[in-house]
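Q:
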Amino acid sequence: MDKNHIIIFDTTLRDGEQSPGASMNTEEKIQIALQLERLGVDVIESGFAAASAGDFDAINQIAKQVDNICVASLARALERDIKAAGEAIMPAKNKRIHTFIATSPIHMEHKLKMKSDEVIKKAVEAVKYARTFVDDVEFSCEDAGRSDVEFLKEICDAVVSAGASTINLPDTVGFRLPSELYERMKAMVDFLGDRAILSAHNHNDLGLAVANTLECIKAGARQVECTINGLGERAGNAALEEIVMAIKTRQDALGPLYTNIISKEIYATSRLVASITGIEPQPNKAIVGKNAFAHESGIHQDGVLKCAQTYEIISAEDIGASKTNLVLGKHSGRHAFKDRLITLGFDLSEDELNSAFSEFKALCDKKKEIFDEDLRALVSEEITKIPEIYSIITLSSSACNNGHTSAAISIRKMLENGEEIILSDAALGHGTIDAIFKAIDRISNSAGELKDYKVAAISKGKDALAKVDVKVKFGQQTVIGHGLDIDTMLASAKAYIAALNSYLSMKV
Ligand SMILES: [Zn+2]
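No gaps in the numbering here: position 388 of the sequence shown is 388 in the UniProt record's numbering, and each next residue is one more.
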């Protein structure tokens, strides 16, 4: 164990997934996992295997497809959870079970309704059982931030003796200040010494998640748990990109610490996660926000042109956000297309490349200039595509300011035996979007409840590609769908159908 190595534990697919309030489908999770591997993450928390059959399957698929990354699944300190976690991660070369139980007085009394000695007993049993599946077991004291430090020592001593090698002390509710967390982490590092790796897991309720994580590192924590773009429940988790770039930029203050992150992959990872979850980082977000490297004021622009370091402590190139926004168009060949995708961080199979290239050509017919952002959106759609049960053929809609709005739609349905049928119907609605979604519901015999609808222009110009993100509840499940088109109405229809397909793919 190298004392200067900070282990990056990414929980975008677990803690992060709890933020959209909607589930990603398996294909989307795999694409994020593969990108996290390219980014150089050490451990990826790929989900909560016992949560549902869909979660189990996604973890299992990820375990099969990644090579150099440790795959973890979360599990409560329950036999059923640990068994599911152990089985889901089984195919991975490096695997970890992450089990936890709450240790704060408020959680033990009201949630668990257990006395502290029972909690220790359960934790020890859980770790021992997890060790029957894997050698690498992490134990978390949920709500450690509000737990009694003497009790933390007692329970951690017991679980380490039982076989846990990483001890995570989360500030689950984002309550602590940096100086307090330093003291608490330091006490635990001094107490456990070399017996276990201490891990930090901080939430951003007071905007302190990254600051708190850096204090934990100073106190001796050697694993940090974080998410891309700071995704996560409520105000989110500590942002991976901010922690990594702080360590890299401030070695003078933090010491010769390092991570295995390839910082040039940060921007591509951020874009992929934003496009899949439909959650854009705020424009002024550190490191990956749209304005993170934009210099508006004349004095700043002048300074940066003379010497970049006058106003830039890191450069856009450091995180792979190249400033050259090369424009492709109708006459760009396959080679230029492929080259550009590699620069943008995409590594496509021959099949994916072929299909992305024909999408690109189709787009060139409608739009003169294709920007990097268009390419990212196009290719992200391509690589996360799942088998489409429904796909749109034609859409016509009429909108007027006085009278009825209607939409007529034809949809192709792929039957289980591989045959295709064409279904058509029309509906009236309160506005065009309502009419379109109602028509799709009629055709597919479903009743989606629209929870969220967002439309954004991908690049610049009046003819920009529209990206529509929808969150739709079908039955008990809320799913995300994306649609991309020059035409906003068509993009909306595609997004709604994508959500429907995603729901149907999870139902199996
Ligand atoms: Zn958390």
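Just so you know, even glycine gets a beta-carbon here, dropped at the ideal spot from N, CA and C. None of the values given here were measured: they were computed from a predicted structure.
Could you check whether the region 205-223 touches the region 174-191, counting it as contact only if at least three pairs of C-beta atoms, one from each stretch, sit closer than 8 Å?
A: Touching, per the Cβ criterion.
Q: According to DSSP, residue 258 sits in a beta bridge with which residue or residues?
A: As a working note, residue 258 is residue 258 in the sequence shown. Beta-bridge pairing links residue 258 to 5.
Q: Taking only runs of the alpha helix (DSSP H) that begin and end inside the UniProt region "Regulatory domain" (391-508), which ones reach a length of at least 4 residues, in chain order?
A: With a minimum length of 4 residues, the continuous alpha helix (DSSP H) runs that stay inside the UniProt region "Regulatory domain" (391-508) are 432-444, 488-507.
Q: Just to confirm before moving on: does the CB-CB distance between residue 220 and residue 202 stay below 9 Å?
A: Reading the sequence shown from its first residue, position 220 is the one you call residue 220. Reading the sequence shown from its first residue, position 202 is the one you call residue 202. No.
Q: If you draw a straight line from the C-alpha of residue 148 to the C-alpha of residue 1, how long is it?
A: Within the sequence shown, numbered from 1, the residue matching residue 148 stands at position 148. Within the sequence shown, numbered from 1, the residue matching residue 1 stands at position 1. Answer to the nearest angstrom: the Cα atoms are 29 Å apart.
Q: Checking the sheet assignment: what are the DSSP bridge partners for residue 223?
A: By 1-based counting over the sequence shown, the position of residue 223 is 223. DSSP lists 7, 199 as partners of residue 223.
Q: Please classify residue 170 as buried or exposed, where buried requires at least 16 neighbouring CB atoms within 10 angstroms.
A: Mapped onto the sequence shown, residue 170 falls at position 170. Classification for residue 170: buried.
Q: Mind the definition here: the region 425-433 touches the region 401-413 only if three or more C-beta pairs lie below 8 Å; say whether that holds.
A: The region 425-433 is in contact with the region 401-413.
Q: Based on DSSP bridge pairs, tell me the residues matched to residue 98.
A: Looking up residue 98 in the sequence shown gives position 98. DSSP output for residue 98 lists 74, 138 as bridge partner(s).
Q: Compute the distance between the beta-carbons of residue 166 and residue 189, then report whether it is under 9 Å.
A: On the sequence shown, residue 166 is found 166 positions in, with the first residue counted as 1. On the sequence shown, residue 189 is found 189 positions in, with the first residue counted as 1. Cβ atoms of residue 166 and residue 189: not closer than 9 Å.
Q: Applying the criterion that 16 or more other CB atoms from any shown protein chain within 10 Å of the CB defines a buried residue, is residue 299 buried or exposed?
A: For the purposes of this step, residue 299 is taken as the residue at position 299 of the sequence shown. Answer is exposed; the Cβ neighbour count stays below 16.
Q: Is it right to say residue 86 is buried, meaning 16 or more other beta carbons lie within 10 angstroms of its own, or is it exposed?
A: Position 86 of the sequence shown, counted from the start, is the residue given in the question as residue 86. Under this definition residue 86 is a buried residue.
Q: List the endpoints of the continuous beta strand (DSSP E) containing residue 552.
A: Because the chain is modelled from 1 through 508, residue 552 falls outside the range shown and cannot be assessed.
Q: Please tell me whether residue 103 and residue 144 are closer than 9 Å, where the distance is taken between their beta carbons.
A: Within the sequence shown, residue 103 is the residue found at index 103, counting from 1. Within the sequence shown, residue 144 is the residue found at index 144, counting from 1. A contact, by the Cβ cut-off of 9 Å.
Q: Could you tell me the alpha carbon to alpha carbon distance between residue 230 and residue 53, rounded to whole angstroms?
A: Along the sequence shown, read from residue 1 onward, the residue named residue 230 stands at position 230. Along the sequence shown, read from residue 1 onward, the residue named residue 53 stands at position 53. Roughly 27 Å separates the two Cα atoms.
Q: DSSP on residue 303, reduced to helix/strand/coil?
A: Numbered from 1 along the sequence shown, position 303 holds the residue referred to as residue 303. It is helical.
Q: Taking residue 391 and residue 411 to be in contact with their CB atoms under 8 Å, please state how far apart those CB atoms are, rounded to whole angstroms.
A: Position 391 of the sequence shown, counted from the first residue, corresponds to residue 391. Position 411 of the sequence shown, counted from the first residue, corresponds to residue 411. The Cβ separation is near 7 Å, so the contact holds.
Q: Looking at residue 272: is its Cβ nearer than 9 Å to the Cβ of residue 31?
A: Within the sequence shown, the letter at position 272 stands for residue 272. Within the sequence shown, the letter at position 31 stands for residue 31. Yes; because the gap between Cβ atoms is below 9 Å, this pair is in contact.
Q: Might you give, ordered along the chain, the residues of its own chain that have their beta carbon closer than 8 Å to the beta carbon of residue 284, omitting 5 neighbours on each side?
A: Start at 1 with the first residue of the sequence shown, and residue 284 comes out as number 284. Correct list, in chain order: 291, 292.
Q: For residue 44, which beta-bridge partners are listed by DSSP?
A: By 1-based counting over the sequence shown, the position of residue 44 is 44. In DSSP, residue 44 forms a bridge with 10, 71.
Q: Is it the case that the region 59-68 contacts the region 23-38, given that we only count it when at least three CB pairs across the two stretches are under 8 Å?
A: The answer is yes - the region 59-68 touches the region 23-38, with three or more Cβ pairs under 8 Å.
Q: For the region 279-359, which segments carrying the alpha helix (DSSP H) assignment without a break, of at least 4 residues, lie completely within its bounds, in sequence order?
A: Here the runs fully enclosed are 298-306, 334-343.
Q: Pick from 57, 458, 17: whose alpha carbon is nearest that of residue 233?
A: Sequence index remark: in the sequence shown, residue 233 carries index 233 (1-based). Closest option to residue 233, Cα to Cα, is 17.
Q: Taking the CB atoms as reference points, tell me whether residue 208 and residue 156 lie closer together than 9 Å.
A: On the sequence shown, position 208 is the one that residue 208 refers to. On the sequence shown, position 156 is the one that residue 156 refers to. For residue 208 and residue 156, no; Cβs fall outside 9 Å.
Q: For residue 330, which of 348, 364, 82, 424 has the nearest alpha-carbon?
A: The residue labelled residue 330 in the question sits at position 330 within the sequence shown. For the residues 348, 364, 82, 424, the minimum Cα distance to residue 330 belongs to 364.
Q: Would DSSP call residue 168 helix, strand or coil?
A: Taking the sequence shown and counting its residues from 1, the one referred to as residue 168 is at position 168. DSSP places residue 168 in strand when its eight states are reduced to three.
Q: Can you name, in chain order, every residue of its own chain whose Cβ lies under 8 Å from the Cβ of residue 66, other than the five neighbours on each side?
A: Position 66 of the sequence shown, counted from the start, is the residue given in the question as residue 66. Only 33, 34, 37, 44, 92 meet the Cβ criterion.
Q: Just curious, the alpha helix (DSSP H) that residue 277 is in, first and last residue?
A: Numbered from 1 along the sequence shown, position 277 holds the residue referred to as residue 277. 266-277 is the span of the alpha helix (DSSP H), which, as asked, contains residue 277.
Q: Which residues in the same chain as residue 396 place their Cβ atom closer than 6 Å to its Cβ, once the five residues preceding and following it in sequence are excluded?
A: For the purposes of this step, residue 396 is taken as residue 396 along the sequence shown, with counting starting at 1. Result list for residue 396: 408, in chain order.
Q: State buried or exposed for residue 307, treating a residue as buried only when at least 16 other CB atoms are found within 10 Å of its CB.
A: One-based indexing of the sequence shown puts residue 307 at position 307. Counting Cβ neighbours within 10 Å, residue 307 comes out exposed, since fewer than 16 surround it.
Q: Going by CA-CA distance only, name the one from 141, 383, 73, 327 that's closest to residue 354.
A: Mapped onto the sequence shown, residue 354 falls at position 354. Among 141, 383, 73, 327, the Cα nearest to that of residue 354 belongs to 383.
Q: Distance check for residue 503 and residue 469, CA to CA, integer angstroms please.
A: What you label residue 469 is simply residue 469 of the sequence shown in a count that begins at 1. What you label residue 503 is simply residue 503 of the sequence shown in a count that begins at 1. So the alpha carbons of these two residues sit roughly 15 Å apart.
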